[in-house]
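Here is the structure we will look at, set down as structure tokens.
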Amino acid sequence: MERFVKALCVGAFCTVIGLSAAWGAESTLYQRLGGKAAITAVVDEFVARVAADTRINAFFAATAADPKRLASFKGRLADQICEASGGPCKYTGKDMKTAHAGMGVQAQHFDALVEDLVGALDKFKVTAADKQALLGVLGPMKSDIVTR
Ligand code: HEM
């Protein structure tokens, strides 16, 4: 009997610890987006929208024409979003200033690209709060990307 009571207490204690851990654990944006697979799907949709967007697709003509280059670009975007949202990935591409140097990207191009990203996030039913959180991480990159 004594052993039974002890076991019950240990079980109850573990349940309390387990529940408080679950309650206390705040999910990261990465987790809320659905992890790497979901981010990869968003990037696929995003890049397809950019490729169809006549306001900016000229910038990506060479990328779209080369499947290897396209795959590497998508992989870097996914790693960047994964890392920026608190995921376990490591972005190993160029810094944003170097990557976009000499392209002549204007504010209107940046805004068009963000619109395409929002379209992709909407398609995957990402909540308004999580969209804002992601744009909040990417938005400050604008000053390194827009050069005209
Ligand atoms: C928040 C906005 C943006 C982010 C997060 C972003 C991110 C990136 C990343 C991660 C790369 C790959 C860098 C590398 O290969 O090392 C890249 C390349 C590139 N970006 Fe952006 N970018 C943004 C805005 C833009 C805009 C507005 C344009 C033009 C309209 C643009 C055009 C390009 C092009 C043409 C490349 C080269 C693609 C290639 O490798 O073939 N980006 N960008």
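All the letters of the sequence shown, read from the start, carry residue numbers 112 to 259 under my numbering. Beta carbons: idealized from backbone N, C-alpha and C, even for Gly. Predicted model, so just to flag it, every value in this text is computed and none were measured.
Residue i to residue j span [Cα, whole Å]
i	j	result
E156	S254	25 Å
T258	L246	20 Å
C146	C193	The sequence shown places Gly at residue 146, not Cys. Whole-angstrom Cα-Cα distance: 8 Å.
V127	V225	Confidence is the limiting factor: at V127 the pLDDT is only 44, short of 50, which leaves the residue's position unreliable and the question unanswerable from this model.
T174	L228	18 Å
V153	A212	26 Å
T139	G198	8 Å
Cβ-Cβ separation, residue j to residue i (assumed contact under 8 Å), whole Å
i	j	result
D190	K201	7 Å
V237	A195	Not a contact, Cβ separation roughly 14 Å.
Coarse secondary structure for residue i, derived from DSSP in three states
i	result
G145	coil
F171	helix
S254	helix
P178	helix
Within 8 Å, strictly: CB atoms of residue i and residue j
i	j	result
A159	N168	no
Exposed unless 16 or more other CB atoms sit within 10 angstroms - verdict on residue i
i	result
A231	buried
Minimum Cβ-Cβ distance from residue i to chain C less than 8 Å
i	result
V153	No chain C is present in this structure, which holds just one protein chain.
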